[in-house]
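In this note's numbering, the protein residues as written are 58 to 357. All C-beta atoms in this analysis are idealised placements derived from N, C-alpha and C, irrespective of residue type, glycine included.
In structure tokens, the structure reads:
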């Protein structure tokens with residue numbers, strides 16, 4: 058990963074910004090066995106620390122260790138994308154505490170990233186937004202429970218002012234301007250619906266105007282930009298389960314994977330059911346377009 062500074066003889070500069078716009082800087086330079094760092098606040102003279110390492114390998118390790126420590130402390134690498142070569146890194150930062158696995162999204166205009174953190178079993182989860190232009194972070198959502206809580210997905214809507222959050226079996230809308238959440242959809246796994254929140258998660262089309270959600274009654278819905286229901290597909294069945302969904306980039310087609318529990322879990326009551334298909338729905342017409350037989354398991 059080219060972060061400009063990992064190369065011998067060049068300088069890597071990181072920045073940390075608070076919510077009030079104040080910035081602190083840290084820079085590191087490795088030149089042969091020499092390793093130098095500079096630390097300063099905006100408008101202030103830098104504090105310089107220079108130390109020779111035992112050999113070039115030790116200098117490389119010292120450089121790497123120092124950079125990672127600063128990234129963990131909330132510093133970020135920034136580069137103006139307008140002057141960057143294709144494929145060059147324009148932003149690099151550590152995810153929040155503990156990370157959130159695949160919970161990561163970039164706003165439609167590319168100015169904000171959202172990432173997740175967790176601690177405990179996990180007993181606490183949270184979301185942070187990071188401004189790609191400045192590196193400023195803000196914690197925008199947090200949930201703590203006595204038992205376990207799982208944050209499965211976070212994705213920006215088209216405006217970038219709202220984030221759709223999947224926490225356990227609930228799909229919430231988070232307004233970044235007010236910090237308030239509202240329920241979009243939800244269910245109790247094994248109770249009011251048979252979805253698995255670890256595999257069935259809300260997501261947008263490419264334009265981020267049509268949203269797929271999972272609701273009580275084991276119903277998959279496609280919602281429009283105003284929250285209206287465009288398509289509703291009941292998935293309740295005695296021996297099959299909905300294991301995957303994906304809306305097309307255009308938002309016009311919805312694919313639903315229906316598979317026997319006998320295939321997925323080896324359940325005896327579904328042992329004779331060999332269903333393993335993908336249904337493709339026309340969202341605008343509200344009709345099933347085709348059903349594709351799957352030759353093998355596709356939910357792994």
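Nearest to residue 235 by CA position, among 196, 139, 74 and 272, is which residue? Counting from 1 along the chain shown, the entry for residue 235 is found at position 178. Selected option, being the one with the closest Cα: 196.
Next item on the list: Could you say which of 261, 291 and 271 lies nearest to residue 282 if we only look at CA atoms?
Entry: Numbered from 1 along the chain shown, position 225 holds the residue referred to as residue 282. It is 261.
query = Near residue 207, which residues of its chain fall below 8 Å by C-beta distance, leaving aside the five closest residues on each side in sequence?
reply = For the purposes of this step, residue 207 is identified with residue 150 of the chain shown, where counting begins at 1. Only residues of its own chain outside the window of five on either side were considered, and among them 179, 182, 224, 225, 254 and 255 have a CB closer than 8 Å to the CB of residue 207, listed in chain order.
*Could you spell out where the alpha helix (DSSP H) holding residue 318 opens and where it closes?*
On the chain shown, position 261 is the one that residue 318 refers to. Unbroken alpha helix (DSSP H) run through residue 318: 318 to 321.
| Alpha carbon of residue 204 to alpha carbon of residue 245, nearest angstrom | Taking the chain shown and counting its residues from 1, the one referred to as residue 204 is at position 147. Taking the chain shown and counting its residues from 1, the one referred to as residue 245 is at position 188. Looking at the two C-alpha atoms, the distance is approximately 16 Å.
*First through last residue of the beta strand (DSSP E) which encompasses residue 165*: Against the chain shown, residue 165 aligns to sequence position 108. Segment: none, residue 165 is in no beta strand (DSSP E) and carries neither H nor E.
Could you check whether residue 259 and residue 270 sit closer than 8 Å to each other, using their CB atoms as the reference points? What you label residue 270 is simply residue 213 of the chain shown in a count that begins at 1. What you label residue 259 is simply residue 202 of the chain shown in a count that begins at 1. Yes, Cβ-Cβ distance for residue 270 and residue 259 is below 8 Å.
**Asked** Is the segment 135 to 145 in contact with the segment 110 to 123, if contact means three or more CB pairs nearer than 8 Å?
**Response** no
Whole-number beta carbon distance between residue 321 and residue 300, since they are thought to touch under 8 Å: Here residue 300 is taken as the residue at index 243 of the chain shown, counted from 1. Here residue 321 is taken as the residue at index 264 of the chain shown, counted from 1. Sure, about 7 Å apart at Cβ, within 8 Å.
query = Can you give, in chain order, each stretch of the beta strand (DSSP E) that sits fully within the segment 86 to 151 and has at least 3 residues?
reply = 91 to 98 and 104 to 109
Worksheet entry | Rounded separation between residue 247 and residue 186 - CA only | Indexing the chain shown from 1 puts residue 247 at position 190. Indexing the chain shown from 1 puts residue 186 at position 129. The straight-line gap from Cα to Cα measures roughly 33 Å.
(message) Bridge partners for residue 304 per DSSP, in chain order?
(response) By 1-based counting over the chain shown, the position of residue 304 is 247. In the DSSP output, where bridge partners are listed per residue, residue 304 has 311.
* With a Cβ-Cβ cutoff of 8 Å, do residue 97 and residue 108 count as a contact? -> Reading the chain shown from its first residue, position 40 is the one you call residue 97. Reading the chain shown from its first residue, position 51 is the one you call residue 108. Not a contact, by the Cβ cut-off of 8 Å.
Legend entry - Among 314, 338 and 325, the one whose alpha carbon lies nearest that of residue 332: By one-based count along the chain shown, residue 332 stands at place 275. Of the candidates 314, 338 and 325, the one whose C-alpha sits nearest the C-alpha of residue 332 is 314.
Next on the checklist: Does residue 272 come out as helix, strand or coil in the three-state DSSP assignment?
Outcome noted: Residue 272 sits at position 215 when you count from the first residue of the chain shown. Of the three classes helix, strand and coil, the one that applies to residue 272 here is strand, per DSSP.
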